[in-house]
Amino acid sequence: MTDPLDDDLRHRFAGQDDARLSARYRRPLSRGRRRRPASAWLTAAALLVVLATAVVVVVARRPPESPPNPTSDARGLSGRLLVRYAVDEFVRVDLGSGSSAPLPYEPPPTDVFPAIFHSGNRFVWQDAGVWSVDDALATPPARLSPVGVGQELLLPATPGTIWRVAQYPDGSARSAYRVRADSGAVVERFDPPRGRFITAAWGRKLLLRENGDRGTIWTPDGPSEVLADNVAGPLALTFVNSSLLRVRNLDTGRTTQVSLPPSGQYGKFTPRPDGTAIAFVEFPKGASRRIALADMRSGSVRILDSAVLGTNSEPVLAWTGDGRWLLVIDAARTVWVLDPTASVPPHTVTTLPQPTVGDILEAVAAG
Amino acid sequence: MLESSARVRQIERLYRDRYSAFVRIAIGIVRDTDAAHDVVHEAFTRALASANTWREEGSLEAWLARIVIRVALDGNDPATAPLPEDLSVRLPFPDRDPLLATAIANLSSRRRTVVFLRYYADLSVERIAEILGIAEGTVSATLAQAKDELRLVLGPEGKEARR
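Those protein sequence lines, which keep their order, are chains A and B. So the first sequence is residues 1 to 367, counted in our numbering. So the second sequence is residues 1001 to 1163, counted in our numbering.
Dropping the structure here:
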């Protein structure tokens, strides 16, 4: 006989999970497959042939479509935002009109570390596979590949291409490919050196070189030594100590020292696409969280806003593709728009719908 | 004895299948989700580096769990060394369930650890016994005693919360 206290304890302990872990936990790693009779397969195959023929005929006759143009609001804000809840829910937002809609997407039965980014004209993300959708969101997401062995690390490469690196638990890369973001076609393969994971300090698991130097992180494009977030070009962010951040641009070799505010807790480092600044969140104890901007030319830090966030929100930051606006999603799922020049006061675009499960994990914007 | 490559595959499989359980074990000790993920990664790095030291006494999962606990405790002792009596496990988010937090905090160290591994990390009695290096009967008895204590605090209210 089952003890009701067992159920009660499991229920109560389940409440201790964070959204990421809950999402990871609620799906089994493998789903059993039901065996279907041979006749069912034959019927399905026949239907597939008929359907494929019909699709070919329709596609051949249809004139080419141009993607819908994003609208622009009175302040000149335009573009698209892709927001991810927990593991498997996506919401797309037209920044100009503020309209939002869920992205049709059937999640696979397993998940790994999430990471979404914009490459070329595609939004790309990973779970148990690599997915891609055009940034006009005119078509359903396409699965580029299933995850192979170990973990899969996705990184943006050149515009329109991404790196896919298959990882084992020790972080060693067993294979790495540069693939097209629209089709998954392999552009280049290379054999990387060994490395290992370090903290998800920049919202993404990164590789550390085997020599253990925390400041040098191996980049998958060969001999380069560091990659933290190459949206703004390959940047490496290293905490020298609790109040000093070192940012190195690998393309130029330029290093900027940033003296951080004295609270001692920072996160959500989000480089501006042109590489001139990095937005981040300061988490002072007991006080409202503040959104700050580190200038990569001078190393100075400026508080952009201290009113948008409360004391208990875990915000998500994203830059618009042109770097003109910083988007901030707060705990109430409101999308705020901040002007890095502070000439336009913070304003809201929309409030995102309530997710089925979990909190907002990440967001990425396109121009 | 398994070949090294076969053991690495086993470790990798456990990483993929039991990742959440390992993270939960670590969260109870470090009480921070991100830090717990790092602990598990560090533990698996160590496990892979010393995969040939596992003597196949007990399960590989328990051996890995002990490494996770050691890393979470910031220790460098070998995996075969006995774990400390008090693992100092606590609820990561006590504010979410103050009643449970109080009830758990009032348990003895051993009972708290066993309850945590059973109901949060979702480990079997057999696996808990292996991890803690005690007999299965001792784990069952400790669990029963802990539940008797918890029932006094959580009994009626727990049922209310479930309705």
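Note that CB positions come from ideal geometry on N, CA and C, so glycine has one too.
(message) With a threshold of 8 Å, are at least 3 pairs of Cβ atoms found where one atom belongs to the region 1108–1122 of chain B and the other to the region 1012–1031 of chain B?
(response) yes
(message) Let me see if you follow: with CB-CB separation under 8 Å, is A/Q16 close to chain B or not?
(response) yes
(message) Rounded to the nearest angstrom, what separates A/V316 and A/R164 at their Cα positions?
(response) 25 Å
(request) For the region 1086–1105 of chain B, enumerate the residues whose C-beta is nearer than 8 Å to any C-beta of chain A, in chain order. (result) If the cut-off is 8 Å between Cβ atoms, the region 1086–1105 of chain B has L1091, P1092, F1093, R1096, D1097, L1100 near chain A.
(request) Would you verify that the beta carbon of B/L1064 is, or is not, closer than 8 Å to some beta carbon of chain A? (result) no
(request) Verify the CB distance criterion: does A/R289 have a CB-CB separation below 8 Å to chain B? (result) no
(request) Would you verify that the beta carbon of B/L1150 is, or is not, closer than 8 Å to some beta carbon of chain A? (result) yes
(message) Can you tell me whether A/T334 is helix, strand or coil according to DSSP?
(response) strand
(request) Can you pull the chain A residues whose beta carbon is under 8 Å from the beta carbon of B/L1154, in chain order? (result) L5, D8, L9, R12
(request) Output yes or no for whether 8 Å exceeds the beta carbon distance between A/H11 and A/G321. (result) No, they are not a contact pair.
(request) Check whether the Cβ atoms of A/V186 and A/I162 lie closer than 8 Å to each other. (result) no
(request) Keeping to the same chain, check which residues put their C-beta closer than 8 Å to that of B/Q1145; ignore five residues upstream and five downstream. (result) Only R1111 meet the Cβ criterion.
(message) With the cut-off set at 8 Å, would you say A/V364 and A/L82 are in Cβ contact?
(response) Cβ atoms of A/V364 and A/L82: closer than 8 Å.
(request) Using 10 angstroms around the beta-carbon of A/I303, count the other beta-carbons present and answer buried if the total reaches 16, otherwise exposed. (result) Counting other Cβ atoms within 10 Å of its Cβ, A/I303 stays below 16 and is therefore classed as exposed.
(request) Could you round the C-beta distance between B/L1100 and B/L1154 to whole angstroms and report it? I think they count as a contact, below 8 Å. (result) So it is a contact: roughly 7 Å between Cβ atoms.
(request) Just the C-alpha distance for A/P340 and A/L293, rounded to the nearest angstrom, thanks. (result) Each residue's alpha carbon lies about 8 Å from the other.
(message) Per DSSP, what are the beta-bridge partners of A/F117 in this structure?
(response) Residue pairing by DSSP puts A/F117 in a beta bridge opposite A/V124.
(request) Could you say which of A/V301, A/R324, A/E282 lies nearest to A/A307 if we only look at CA atoms? (result) Ranking A/V301, A/R324, A/E282 by Cα distance to A/A307 puts A/E282 first.
(message) Quick check on DSSP: helix, strand or coil for A/R209?
(response) Since pLDDT at A/R209 reaches only 33, below the 50 mark, its modelled position is unreliable, and the value read off the structure follows with that caveat. Looking at A/R209 - three-state DSSP - the assignment turns out to be strand.
(request) For my contact list, A/V91 and A/L352 are in at a C-beta cut-off of 8 Å; report their separation, rounded to the angstrom. (result) 6 Å
(request) Run the CB neighbour count on B/R1066, radius 10 Å, all protein chains shown included, and call it buried at 16 or more, exposed below. (result) The residue in question, B/R1066, is buried, as its Cβ has 16 or more Cβ neighbours within 10 Å.
(request) Find out if the Cβ-Cβ distance for the pair A/G286, A/T311 is shorter than 8 Å. (result) yes
(message) Rounding to the nearest angstrom, what Cα-Cα distance links A/D295 and A/L327 in this structure?
(response) 18 Å
(request) Count the other C-beta atoms from every protein chain shown that fall within 10 angstroms of the C-beta of A/H347, then say buried if there are 16 or more, exposed otherwise. (result) exposed
(request) Excluding the 5 residues preceding and the 5 following B/F1044 in the sequence, name in chain order all residues of the same chain whose CB lies nearer than 6 Å to its CB. (result) Y1015
(request) Please state whether DSSP places A/F13 in a helix, a strand or coil. (result) helix
(message) Per the DSSP calculation, A/W131 is bridged to which residue(s)?
(response) A/W125, A/R143
(request) Starting from A/R324, follow the beta strand (DSSP E) in both directions and report where the run begins and ends. (result) First-last for A/R324: undefined, no H or E at that position.
(request) Could you tell me which residues DSSP puts in a beta bridge with B/E1130? (result) Answer by DSSP bridge pairing: none, since B/E1130 is not bridged.
(request) Please name the residue, chosen from A/V344, A/P273, A/R333, A/G299, that lies closest to A/D305 on a Cα-to-Cα basis. (result) Across the set A/V344, A/P273, A/R333, A/G299, the C-alpha of A/V344 shows the shortest separation from the C-alpha of A/D305.
(message) Could you compute how far the alpha carbon of B/I1134 sits from the alpha carbon of A/G129?
(response) 41 Å
(request) Take B/E1149 and list the residues in its own chain whose beta-carbon comes closer than 8 Å to its own, dropping the five residues that flank it on each side. (result) A1103, N1106, L1107, R1111
(request) Reducing DSSP to helix, strand and coil, say where A/L95 ends up. (result) coil
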